[in-house]
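Engineer: Chains as they are written, first to last, in my numbering: chain A, 1 to 650; chain B, 1 to 650.
There are 2 protein chains.
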Amino acid sequence: MIGMRAHALHGILVMECGRVVILAVRPCVDGGRYPVKRVVGDTLAIEVDAVADGHDKLRAVVRDRPADRAEWRETELVLGPDDTWRAVIDLPALGRHIYTCVAWVDAFASWRNGLDRKLAAGVDVTLDLLDGARLVERIAPEHAAAMRTGSIAAATSPELAAVMTARADRSGASRSAELTVLVERPLAACSAWYELFPRSTRGDGTHGTLRDAEARLPYVAELGFDIVYLPPIHPIGSAFRKGPDNAATAGANDPGSPWAIGNAGGGHTSVHPELGTLADFDHFVAAAHALNLDVALDIAFQASPDHPWVKDHPSWFVHRSDGSIQYAENPPKKYQDVYPFDFDSADRQGLWNALKGVFEFWCEHGVRVFRVDNPHTKPIPFWEWCLGELHARYPDTIFLAEAFTRPKLMYALAKSGFSQSYTYFTWRTTKLELEAYATDLAGVRDFFRPNFWPTTPDIFPEHLETGGRPAFVQRLVLAATMSPNYGIYGPSYELGEHARRRGVEELAHNEKYEVRAWNLDAPESLRHVIARINQIRRSHPALQRGELIVQPTDNELVMAFAKVAPGAHAVLVIVNLDPFHTHRAWVTLDLASLGLEPDQAFAVDDLLGGAHFTWRGARNFIELDPQQMPAHVFELKPHVRTEHDFEYFL
Amino acid sequence: MIGMRAHALHGILVMECGRVVILAVRPCVDGGRYPVKRVVGDTLAIEVDAVADGHDKLRAVVRDRPADRAEWRETELVLGPDDTWRAVIDLPALGRHIYTCVAWVDAFASWRNGLDRKLAAGVDVTLDLLDGARLVERIAPEHAAAMRTGSIAAATSPELAAVMTARADRSGASRSAELTVLVERPLAACSAWYELFPRSTRGDGTHGTLRDAEARLPYVAELGFDIVYLPPIHPIGSAFRKGPDNAATAGANDPGSPWAIGNAGGGHTSVHPELGTLADFDHFVAAAHALNLDVALDIAFQASPDHPWVKDHPSWFVHRSDGSIQYAENPPKKYQDVYPFDFDSADRQGLWNALKGVFEFWCEHGVRVFRVDNPHTKPIPFWEWCLGELHARYPDTIFLAEAFTRPKLMYALAKSGFSQSYTYFTWRTTKLELEAYATDLAGVRDFFRPNFWPTTPDIFPEHLETGGRPAFVQRLVLAATMSPNYGIYGPSYELGEHARRRGVEELAHNEKYEVRAWNLDAPESLRHVIARINQIRRSHPALQRGELIVQPTDNELVMAFAKVAPGAHAVLVIVNLDPFHTHRAWVTLDLASLGLEPDQAFAVDDLLGGAHFTWRGARNFIELDPQQMPAHVFELKPHVRTEHDFEYFL
């Protein structure tokens with residue numbers, strides 16, 4: 001914990017305890033138990049609360065180093081109001097990075113302060129110069145000698161101050177605990193995901209292959225996504241295989257769910273023969289990389305009854321009293337096609353290493369992004385160990401937690417190493433809900449990176465069933481602009497698929513159980529809106545990392561928020577949340593938060609719709625027809641528009 | 001820190017890590033670095049955030065013990081919303097008390113939960129009973145045997161559940177760090193202090209003695225105070241002695257400041273001969289105790305140049321280059337009558353032990369309350385060590401920090417062992433300031449206990465110079481009702497002394513430098529108001545410990561707040577902050593926080609002025625004439641008044 005300096009303990013007079021008390025170091029997650037998260041290129045703004053008795057001058061530095069190096073870098077902390085010290089350090093390299101604070105009483109500076117005040121008051125300082133000479137004689141003997149002769153110039157010389165600062169006596173220094181920041185690649189903080197089922201990429205309803213999926217990659221790249229995410233690509237078990245729309249029994253030609261992993265042909269490190277070979281996968285990855293797309297694999301730690309590990313490592317599963325293996329249950333529901341692993345197995349070391357080995361296998365095949373299925377049903381200590389090991393060996397790896405569970409469990413997973421997490425965005429629809437959720441997420445941003453998905457193959461929310469194309473655009477814009485990380489499940493989403501299976505929060509003819517044929521060129525496709533949104537995200541730093549600042553409106557169905565980033569134009573997003581009706585609203589901008597002056601005109605350019613306005617002052621009127629475009633994504637430029645600016649839009 | 005359970009560390013597969021992750025334990029000061037504070041008879045409401053993967057049932061307990069005993073007591077934590085577990089433990093004894101949380105996956109309860117759900121669904125449970133028999137056979141073999149024959153009754157019997165709960169397998173348990181609560185005597189949390197200079201108790205302007213001061217004790221007790229606090233009672237140095245109102249030189253008969261401690265006759269463990277003998281002091285303490293008054297001594301760790309330690313322990317002071325001892329300075333100001341100690345002395349152990357010995361000496365003479373002068377100019381690690389030692393030996397000792405300094409330094413002292421602290425109340429006068437300060441203090445209540453003083457011998461604020469008697473009553477009521485700990489400097493305060501020394505925030509003819517004669521029976525004395533306020537405090541638990549809840553009013557000069565305590569009537573305090581004019585206001589009560597129903601009439605009895613009303617609903621009107629009484633202190637009784645109630649007031 002903070003303040004782990006040697007201190008005066010009950011009954012023990014610790015002689016070396018420091019006079020400075022370090023009360024807090026920020027950022028800090030759970031007292032340093034878990035790392036803070038940043039990405040390469042970020043700066044880390046460090047704040048330290050430190051006090052000492054009396055009026056002496058203190059000094060404080062932050063020391064930092066990569067976790068795998070011994071040498072510290074040192075940055076001076078600067079004292080601000082309320083005994084808070086601040087410094088900003090850069091984070092140029094991937095991996096775990098350590099930071100700590102050291103603070104001490106600066107005897108020379110304290111003495112200089114007294115001297116300066118006496119000099120200003122015209123008081124005799126002969127004795128003070130002698131006292132000062134004692135302080136400096138070891139480090140600066142020539143200055144000490146001059147001070148003994150009464151030289152004020154020697155005592156106050158900048159060189160003396162510099163050398164006394166550089167060679168400060170830190171023997172009584174206090175030290176904070178060593179804290180960790182996990183530095184990931186920038187994609188961990190800003191990413192657009194596109195999920196697709198490779199077997200549905202042939203387009204004619206027959207089982208597609210990784211080669212077919214590879215042919216889809218230019219489409220995904222054109223839409224402006226960063227990551228193409230594939231559901232499990234492994235052999236699918238046949239025992240208790242599910243039929244269409246989760247039917248209890250499958251027909252002979254039903255392909256089964258990709259999450260029922262493993263058959264005699266292989267398990268988590270094999271490719272389903274109907275999709276192709278490992279070589280086809282390597283080819284797919286290379287093709288994706290050529291298009292600047294990362295490939296994300298789905299890691300689902302569970303086995304079909306046909307998985308090779310069931311025979312080879314029976315101790316990795318729970319055995320019941322009759323010798324049968326425990327299948328997944330949520331009594332009275334049974335999931336006989338899925339065997340969970342026994343993380344407390346007698347061969348725990350073997351199982352844990354094998355699971356880590358699954359990630360390593362795919363890392364060796366060029367994968368650096370993993371979407372982890374239901375991590376909240378596997379022990380958190382497993383993840384902390386496994387992801388820690390993987391981050392150490394492959395520091396550019398990103399892990400997305402598919403944890404739709406309770407908030408604190410989601411946060412515990414994030415603390416334990418997941419780079420990103422699915423969220424409740426999928427079900428947050430009203431302005432109040434969305435704004436409150438943004439506030440919640442701001443409070444955990446040091447360790448929890450949300451990834452907003454309007455739908456997934458598992459979740460199709462009610463508002464999209466009835467809202468039509470306007471609802472799909474609304475949710476797309478909200479996901480892509482509220483959160484730097486977002487994703488869609490395609491082509492279902494861009495084609496506006498919205499027929500739900502009765503009584504279930506899922507699409508009918510669910511692609512989890514069937515091969516689907518998609519007409520990407522259908523006129524109703526949202527592909528152009530999606531491409532535009534992704535282009536806006538890429539060209540606007542405010543949308544890539546920025547904090548969301550709610551801007552009040554007088555209409556409960558019109559939500560407005562701004563995002564800002566240093567050195568970049570602010571972006572103002574205004575969404576009509578009603579898919580059926582045109583809405584008008586007065587938006588009251590928090591001009592200061594947007595870097596705008598109250599009396600200054602500013603240019604407001606709609607990056608989505610193309611309209612352009614000049615606004616002045618906080619209160620502004622907007623009107624949004626959802627049939628046309630239910631949202632504005634405004635770029636704000638704090639200057640009066642010139643003719644040239646107009647030309648740009650004409 | 002929280003979560004110091006064995007965990008999966010980078011590169012080390014720790015096999016014994018627990019599945020439950022303990023994310024937070026509350027209350028907790030700086031991650032457990034400092035103790036939480038409570039008093040004997042308090043309960044400690046503990047909240048734990050703990051999660052585990054999956055849907056298994058967890059169990060969690062809080063364990064606690066006195067720091068000096070080995071045996072733990074155990075209390076079940078109960079799961080509430082948002083993965084928060086709660087328990088309340090009592091704190092029956094003085095001293096340091098340890099608490100920690102243990103949480104684990106309850107295999108039997110998890111199994112029972114599945115069984116119950118299957119039974120409810122009418123599913124066959126034969127195999128489940130066999131599985132359950134394996135779980136229980138070691139602890140309850142007879143139940144296991146019955147379950148193997150298919151006995152649902154055996155599986156679901158309450159005795160089995162009880163024995164499995166009592167003898168739970170905790171081998172995989174997770175443990176939080178051990179946290180400390182410092183349990184002090186109730187007086188640490190609720191106390192009314194009365195400061196008096198013993199030498200001014202003769203009444204005729206000649207130097208009084210401890211015997212004269214003893215004669216004043218019944219008066220102090222009648223006023224309803226708990227603690228009589230004496231400025232330093234030690235021999236006063238004559239070197240550089242200050243004259244009246246801090247004059248640079250003293251006349252032959254000037255008594256000097258009691259804070260210039262020590263002369264050839266003795267130092268911090270001696271009694272000033274003009275005050276009497278150590279025996280007189282013992283007599284004074286006994287007389288005070290007989291009146292249920294605690295005696296507080298002023299501990300000022302500094303020496304006059306005549307202090308015996310200057311000769312006997314020269315190494316305890318800073319020596320300058322010319323061999324002179326460093327006196328206190330705030331350049332260019334000099335305080336040549338005061339030598340600070342050198343806490344970094346080569347004989348540090350000797351000095352620190354001697355200073356601790358000062359407290360011990362007076363503890364042995366029956367003193368259990370100390371007001372510590374300027375603790376913020378002595379090293380915080382010294383206080384943490386010294387007060388820790390003293391609390392261990394004399395756990396009923398209370399320390400008030402006279403730390404008028406920056407907030408974080410005041411908080412650091414509180415964390416390091418001070419029971420109470422002086423505050424900024426003395427300078428907070430507007431409603432906005434007072435309410436904001438109450439909010440600040442609520443945020444630190446687990447370790448910082450404020451003590452509100454309207455004036456001290458060192459501080460006489462401007463508003464009392466001009467506000468007359470109404471201002472004195474206002475500030476008295478605010479101090480005594482906003483804060484469970486408060487004090488006045490008397491008889492100056494009750495006599496309304498208000499002539500300030502020019503250019504200084506101090507009273508003229510300051511008692512620090514002069515013997516004063518006070519006429520306690522002066523008609524303008526506030527003694528009866530003070531006695532009434534102290535009586536109200538003693539009879540109303542809400543004022544002794546309760547949290548302050550602001551109640552909005554529509555008048556910036558009328559402040560209203562409530563205090564509540566479990567099982568006691570709420571108290572509503574309304575103060576006209578303007579000493580010159582009558583004010584009226586509508587007060588909008590937060591009825592829920594006061595335990596009142598919106599449509600229920602309630603009795604409102606003014607404990608200070610004697611008026612009585614029946615109110616109904618949130619909005620109520622008040623009028624306060626400061627010349628009469630600038631405040632209401634209402635007791636709220638949530639019932640319709642009966643005739644009997646009226647009689648009580650007639």
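Every residue gets a Cβ at the ideal spot worked out from N, C-alpha and C, and that includes glycine.
With a cut-off of 8 Å, do at least 3 Cβ pairs link the region 212 to 228 of chain A to the region 523 to 542 of chain A?
Structural biologist: yes
Engineer: Can you name the start and end residues of the alpha helix (DSSP H) that N113(B) belongs to?
Structural biologist: 107 to 121
Engineer: Throw me the rounded Cβ distance for the V573(A) and V477(A) pair, which I believe falls under 8 Å.
Structural biologist: 7 Å
Engineer: Whose CA, out of L210(B), K311(B), F343(B), I261(B), lies closest to the CA of A286(B)?
Structural biologist: Here the closest residue by C-alpha is L210(B).
Engineer: Alpha helix (DSSP H) containing T481(A): first to last residue?
Structural biologist: Run containing T481(A): 468 to 482, per the alpha helix (DSSP H) assignment.
Engineer: Where does F359(B) sit, in a helix, a strand or coil, going by DSSP?
Structural biologist: helix
Engineer: Within the same chain, show all residues whose beta-carbon is closer than 7 Å to that of L135(A), passing over the 5 residues directly before and after it, in chain order.
Structural biologist: The residues are A107, F108, W111.
Engineer: Among G114(B), V123(B), L589(B), which residue has its Cα nearest to the Cα of N330(A)?
Structural biologist: G114(B)
Engineer: By the 10 Å Cβ neighbour count, where 16 or more other Cβ atoms means buried, how is D30(B) classified, buried or exposed?
Structural biologist: Buried, by the Cβ-count rule.
Engineer: Any C-beta of chain B sitting closer than 7 Å to the C-beta of D322(A)?
Structural biologist: yes
Engineer: Evaluate F634(B) with the Cβ neighbour count: other Cβ atoms within 10 Å of its Cβ, from every protein chain shown; 16 or more gives buried, anything less gives exposed.
Structural biologist: Under a 10 Å Cβ-count criterion, F634(B) is classified as buried, with 16 or more other Cβ atoms of the shown protein chains found around its own Cβ.
Engineer: Kindly indicate which three-state DSSP category T651(A) falls into: helix, strand or coil?
Structural biologist: Not covered by the structure: residue 651(A). The range shown for chain A is 1 to 650.
Engineer: Regarding G54(A) and the ligand SAM, is the C-beta to nearest heavy atom distance less than 6 Å?
Structural biologist: For the ligand SAM, the structure offers nothing, since it holds no ligand at all.
Engineer: Which residues in the same chain have their Cβ closer than 7 Å to the Cβ of A87(B), if we skip the five residues on either side of it in sequence?
Structural biologist: Spatial neighbours of A87(B) in its own chain (CB-CB distance under 7 Å, excluding positions within 5 residues in sequence) are listed in chain order as I46, V62, T75, E76, L77, V78.
Engineer: Which bits of chain A does I380(B) rub up against, with CB to CB less than 8 Å?
Structural biologist: The answer, in chain order, is R19, V21, V51, A52, D53.
Engineer: Check for me: the alpha helix (DSSP H) holding H612(B) runs from which residue to which?
Structural biologist: Counting along the chain, H612(B) falls outside any alpha helix (DSSP H), though it belongs to the beta strand (DSSP E) covering 612 to 616.
Engineer: By the criterion of Cβ-Cβ separation under 9 Å, what are the contact partners of T377(A) in chain B?
Structural biologist: D53, G54, H55
Engineer: Output needed in chain order: residues of the region 403 to 414 of chain A with a Cβ under 8 Å from some Cβ in chain B.
Structural biologist: R406, P407, K408, L409, Y411, A412
Engineer: Apart from the five residues just before and just after H632(B), which ones in its own chain have a Cβ nearer than 6 Å to its Cβ?
Structural biologist: Short of 6 Å from the beta carbon of H632(B), and not among the five residues preceding or following it, lie these beta carbons of its own chain, in chain order: I574, D606.
Engineer: Can a CB atom of chain B be found closer than 7 Å to the CB of L130(A)?
Structural biologist: Chain B contact via Cβ: present.
Engineer: Give me, in chain order, the residues of the same chain whose beta-carbon lies closer than 7 Å to that of S345(A); leave out the 5 immediate sequence neighbours on both sides.
Structural biologist: Result list for S345(A): S315, W316, L351, in chain order.
Engineer: Can you list, in chain order, the residues of the region 117 to 148 of chain A whose Cβ is nearer than 7 Å to any Cβ on chain B?
Structural biologist: Those residues of the region 117 to 148 of chain A that come within reach of chain B (Cβ to Cβ, closer than 7 Å) are R117, K118, A121, V123, L127, L130, D131, R134.
Engineer: Tell me whether K37(B) is buried or exposed, calling it buried when 16 or more other Cβ atoms sit within 10 Å of its Cβ.
Structural biologist: buried
Engineer: Roughly how many angstroms lie between the CA atoms of A189(A) and P450(B), to the nearest whole one?
Structural biologist: 44 Å
Engineer: Using the beta-carbon count (16 or more within 10 Å), is D131(B) buried or exposed?
Structural biologist: The residue in question, D131(B), is buried, as its Cβ has 16 or more Cβ neighbours within 10 Å.
Engineer: List the residues that DSSP assigns as beta-bridge partners of F399(A).
Structural biologist: F370(A)
Engineer: For D83(B), decide whether its Cβ has a neighbour in chain A, counting only Cβ atoms nearer than 7 Å.
Structural biologist: yes
Engineer: For R19(A), which three-state DSSP category applies?
Structural biologist: coil
Engineer: Kindly list, in the order they appear in chain B, the residues whose Cβ is closer than 9 Å to that of P314(A).
Structural biologist: Within chain B, no residue comes near P314(A); the closest Cβ sits about 17 Å away, beyond 9 Å.
Engineer: Does P332(B) get closer than 7 Å to chain D when you measure Cβ to Cβ?
Structural biologist: The chain labelled as chain D is not found among the protein chains of the depicted structure, namely A and B.
Engineer: Taking the beta carbon of D294(A) as the centre, do at least 16 other beta carbons fall within 10 Å, making it buried, or is it exposed?
Structural biologist: The residue in question, D294(A), is buried, as its Cβ has 16 or more Cβ neighbours within 10 Å.
Engineer: Please list, in chain order, the chain B residues whose beta carbon lies closer than 7 Å to that of E597(A).
Structural biologist: What E597(A) touches in chain B: nothing, since even the nearest Cβ is about 28 Å away.
Engineer: Measure the beta-carbon distance from L91(A) to V183(A) and round it to whole angstroms, keeping in mind my assumption that it falls under 8 Å.
Structural biologist: Here L91(A) really is in contact with V183(A); their C-beta atoms are around 5 Å apart, less than 8 Å.
Engineer: Are the beta-carbon atoms of P35(A) and T149(A) separated by less than 7 Å?
Structural biologist: no
Engineer: For a cutoff of 7 Å on Cβ pairs, would you count G31(B) as touching chain A?
Structural biologist: yes
Engineer: Taking the alpha carbon of P244(B) as the point to measure from, which residue in P630(B), E506(B), A601(B) has its own alpha carbon closest?
Structural biologist: E506(B)
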